[in-house]
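Take the sequence shown: its position 509, counted from the start at 1, is 509 in the working numbering, and no numbers get skipped.
Input: a single structure, listed below in structure tokens.
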Amino acid sequence: MAPPLPSSPCAINAKTISTDARRPRPPTTQNAMTPSYQQQTRDLIDGLKAICAQNGLGNDGNEYKIIVQTFLYKLLSDKFAYEMKRVEPKLASADDWIAAWQAMPAKEREMLELQLGADVPRLTVDQLIPSLFNRQSEPGFAKLFDDTLIAIAVANNDIFAVSTDDNEKVPLFDRLSDYVTGSTDKKDGFVRALFNKLVGVSFEHLFQQKYDFYATLFEYLIKDYNKDNGGKYAEYYTPHAVATIMADILVPRAQRGKVKNVTCYDPASGSGTLLMALAHAIGEHHCSIFSQDISQKSSSLLRLNLVLNKLVHSIPHITQGNTILNPVHKQDKALRQFDYIVSNPPFKMDFSDFRDDLDTDANASRFFAGIPKVPNKAKDKMAIYLLFIQHIIASLKPGGKAAVVVPTGFITAASGIELRIRQKLVDEKMIAGVVSMPSNIFATTGTNVSILFLDTASRDGVVLIDASALGEKVKEGKNQKTLLSHAEEQRIVETFNAREAVEDFSVVVDYDEIAAKNYSLSAGQYFEVRVDYVDLTPREFAEQIDGYESRLSKMFAESNALEKTIQRNISRLALNV
């Protein structure tokens with residue numbers, strides 16, 4: 001039996017839901033009594049997670065699928081409603097837009113749907129949230145919901161399905177109630193609880209928001225899934241500061257609106273944070289996104305991110321699979337090359353199982369600097385990021401630009417694959433600059449990171465920035481994290497784009513000088529060493545020398561005493577033996 005509808009003062013019955021939730025809402029002024037759109041959406045996410053926890057799915061491996069796919073269903077249902085009302089204003093002014101839509105002559109309904117954009121999901125009246133909500137008292141409601149999700153996935157497969165590296169389609173939705181163990185009644189109750197959350201907020205206002213709104217919302221949505229338990233391969237979310245710096249350097253403010261019809265690629269995309277920032281800087285309608293990631297979870301999160309950020313047209317270019325072993329984005333059997341590449345690849349991963357499969361003549365030019373050998377121990381610490389850097393170099397168009405997050409040790413390594421990669425970047429003048437970030441910019445790792453900027457356009461030198469002293473240290477759970485202020489982000493961006501030398505912060509170095517220092521890309525090695533001279537009177541000079549002598553004499557005395565103590569202890573050990 002279906003549970004009763006909410007009985008709080010703000011509760012509404014099923015009939016009201018079917019009508020009022022579809023009526024266009026005028027803009028509201030945010031005040032202390034009106035929750036912001038951001039907070040309403042966060043409350044919905046928290047509510048969905050609470051329902052999962054109450055049904056034994058909290059922190060379960062399937063929880064993220066339920067949360068993300070339920071959120072996505074809500075998003076698509078409201079997106080369809082928003083677009084229908086936008087195309088046909090009469091629907092927007094109707095008390096019940098669905099009833100008004102259904103009352104239109106068949107040919108008018110057909111023409112209306114033909115006017116919807118290619119990135120708009122196609123739904124039937126029975127698949128919309130208000131329609132399903134009114135049927136929640138029916139037995140087998142969970143099965144009805146699952147059947148609806150599968151039908152939507154099939155009807156929208158060409159637009160919203162992600163592909164695998166062997167050309168299989170990953171559908172938009174799963175049968176979500178299957179993740180709930182127990183009776184049919186228990187599953188029905190679970191789905192009813194989800195629907196009672198979904199009808200409490202409209203997403204139609206979301207489609208008028210901007211990138212920063214979506215970025216904040218998305219970070220909140222996946223925050224519980226951006227943990228180390230997500231696997232060693234993928235980092236699902238790159239800090240917003242890193243994404244912003246990379247995008248603002250690759251596409252400076254002066255170029256905004258002038259870059260058009262370009263391709264953007266990430267070979268280890270995670271949830272797409274870097275790609276979203278880059279697409280926003282270029283303009284979502286002026287670029288196409290391409291990506292590959294081995295993680296199924298990452299691909300699902302990226303798909304949602306694309307829907308949020310008006311990049312549905314790029315979903316067919318999203319692939320789940322092993323980029324290093326089987327890169328899928330090709331042209332005429334060769335690696336496809338891109339205008340822009342951004343990436344925060346995994347630094348370490350055990351790829352011993354397919355390491356030898358990479359060591360072929362076909363991969364010789366792609367992995368020009370070499371392939372890390374399999375160690376006898378600690379195979380999970382194999383430096384797979386070195387393969388990603390080489391893959392990125394091979395995937396960059398002539399005249400293209402790239403930004404790659406690397407462990408800071410890479411920029412100074414004295415030998416090996418790291419040195420050979422840097423040598424190519426410097427000798428062929430592909431390296432535009434490096435920004436060494438503060439420690440703990442990623443809360444989940446203590447590894448210091450730097451960002452390599454590649455640009456094949458000719459220039460006089462390389463910009464090296466040491467930003468390690470910037471930021472504020474904060475605690476995030478058990479981890480320490482460094483947060484950059486907006487002003488600090490802009491200081492890095494403006495210094496880099498202006499190619500400006502700033503004392504103890506940045507330097508511009510020519511390629512020959514870098515080659516002479518074993519191709520080191522560390523800013524600190526090129527800072528000018530200053531000697532400060534202070535005028536002293538003979539008396540002041542004598543007093544300083546006396547002070548030095550006094551301190552040295554004291555340290556020598558302490559050293560002698562310590563030496564004698566050590567000798568006595570060694571003698572006692574010898575007697576005991």
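Each residue gets a CB set at the ideal place from its N, CA and C atoms; glycine is no exception.
All of these numbers come straight from a predicted model, not from anything done at the bench.
Can the beta-carbon of residue i be found less than 9 Å from the beta-carbon of residue j?
{"i": "Ile67", "j": "Leu221", "result": "yes"}
{"i": "Lys65", "j": "Asp174", "result": "yes"}
{"i": "Lys79", "j": "Trp97", "result": "no"}
{"i": "Thr244", "j": "Glu489", "result": "yes"}
{"i": "Ile431", "j": "Leu452", "result": "yes"}
{"i": "Ser177", "j": "Val191", "result": "yes"}
{"i": "Pro586", "j": "Val180", "result": "Residue 586 cannot be examined here, being either before or after the span of the chain that is shown, 1 to 577."}
{"i": "Gly433", "j": "Val405", "result": "no"}
{"i": "Val426", "j": "Ala515", "result": "yes"}
{"i": "Met437", "j": "Ala394", "result": "no"}
{"i": "Ile152", "j": "Leu123", "result": "yes"}
{"i": "Leu57", "j": "Phe71", "result": "no"}
{"i": "Cys287", "j": "Val328", "result": "no"}
{"i": "Gly270", "j": "Leu304", "result": "no"}
{"i": "Val242", "j": "Ile282", "result": "no"}
{"i": "Arg420", "j": "Ser520", "result": "no"}
{"i": "Val162", "j": "Leu274", "result": "no"}
{"i": "Lys429", "j": "Tyr511", "result": "yes"}
Could you check which residue in the options has the C-alpha nearest to that of residue i?
{"i": "Val170", "options": "Pro407, Phe160, Leu176", "result": "Phe160"}
{"i": "Thr238", "options": "Lys481, Ser559, Thr537, Val509", "result": "Lys481"}
{"i": "Ile492", "options": "Ser506, Asn479, Leu483", "result": "Ser506"}
{"i": "Thr408", "options": "Val426, Thr124, Asn134, Leu386", "result": "Leu386"}
{"i": "Pro372", "options": "Gln337, Val154, Ser415", "result": "Ser415"}
{"i": "Ile384", "options": "Phe367, Leu306, Asn62, Ile411", "result": "Phe367"}
{"i": "Glu418", "options": "Cys52, Gln390, Lys429, Ala394", "result": "Gln390"}
{"i": "Lys260", "options": "Val242, Ala268, Ala279", "result": "Ala279"}
{"i": "Ala100", "options": "Val125, Asn479, Ala362", "result": "Val125"}
{"i": "Gly524", "options": "Ile282, Leu112, Asp504, Leu172", "result": "Asp504"}
{"i": "Asp185", "options": "Asp165, Asp224, Phe141, Ser163", "result": "Phe141"}
{"i": "Ala334", "options": "Leu470, Leu396, Glu472", "result": "Leu396"}
{"i": "Asn134", "options": "Ser183, Asn196, Leu521", "result": "Asn196"}
{"i": "Gln54", "options": "His317, Ser439, Lys187", "result": "Lys187"}
{"i": "Glu528", "options": "Lys90, Asp353, Val509", "result": "Val509"}
My understanding is that residue i touches residue j, with C-beta atoms under 8 Å, so please give their C-beta distance in whole angstroms.
{"i": "Phe351", "j": "Ile324", "result": "7 Å"}
{"i": "Ile289", "j": "Leu311", "result": "6 Å"}
{"i": "Gly400", "j": "Thr456", "result": "6 Å"}
{"i": "Ala578", "j": "His313", "result": "No answer is possible for residue 578: the residues shown for the chain start at 1 and end at 577."}
{"i": "Leu132", "j": "Phe145", "result": "7 Å"}
{"i": "Cys264", "j": "Tyr340", "result": "5 Å"}
{"i": "Pro121", "j": "Leu76", "result": "4 Å"}
{"i": "Glu204", "j": "Ala81", "result": "6 Å"}
Which residues share a DSSP beta bridge with residue i?
{"i": "Asn59", "result": "Partner(s): none; Asn59 has no beta bridge."}
{"i": "Ala402", "result": "Ile341, Leu454"}
{"i": "Phe126", "result": "Note on identity: in this sequence residue 126 is Asp, with Phe being the wrong assignment. None; Asp126 has no bridge partner."}
{"i": "Thr148", "result": "Answer is none; Thr148 lacks a bridge partner."}
{"i": "Ala407", "result": "The identity of residue 407 in the sequence shown is Pro, whereas the question assumes Ala. Beta-bridge pairing links Pro407 to Val449."}
{"i": "Glu331", "result": "First, the residue type needs correcting, since residue 331 is Gln and not Glu in the sequence shown. The partner list for Gln331 (beta bridge, DSSP) reads Ala334."}
{"i": "Ser163", "result": "Lys169, Thr319"}
{"i": "Val502", "result": "Ser506"}
{"i": "Val474", "result": "Lys481"}
{"i": "Leu464", "result": "Val434, Val507"}
Where does residue i fall in DSSP's three states?
{"i": "Lys169", "result": "strand"}
{"i": "Thr319", "result": "strand"}
{"i": "Pro4", "result": "At Pro4, the pLDDT of 38 sits below 50, so the modelled position is not reliable and the matter cannot be decided from this model."}
{"i": "Phe290", "result": "strand"}
{"i": "Tyr265", "result": "strand"}
{"i": "Ser436", "result": "strand"}
{"i": "Gln136", "result": "coil"}
{"i": "Asp353", "result": "coil"}
{"i": "Ser295", "result": "coil"}
{"i": "Arg22", "result": "Any reading at Arg22 is ruled out, since the residue's pLDDT is 37, under 50, leaving its predicted position unreliable."}
{"i": "Ile393", "result": "helix"}
{"i": "Ile384", "result": "coil"}
{"i": "Val180", "result": "coil"}
{"i": "Val251", "result": "coil"}
{"i": "Leu75", "result": "helix"}
{"i": "Asp228", "result": "Since pLDDT at Asp228 reaches only 41, below the 50 mark, its modelled position is unreliable, and no value is offered."}
{"i": "Phe367", "result": "coil"}
{"i": "Thr309", "result": "Note that residue 309 is Asn in the sequence shown, not Thr. Three-state result, Asn309: coil."}
{"i": "Asp212", "result": "helix"}
{"i": "Glu428", "result": "coil"}
{"i": "Met104", "result": "coil"}
{"i": "Ala414", "result": "coil"}
{"i": "Leu325", "result": "coil"}
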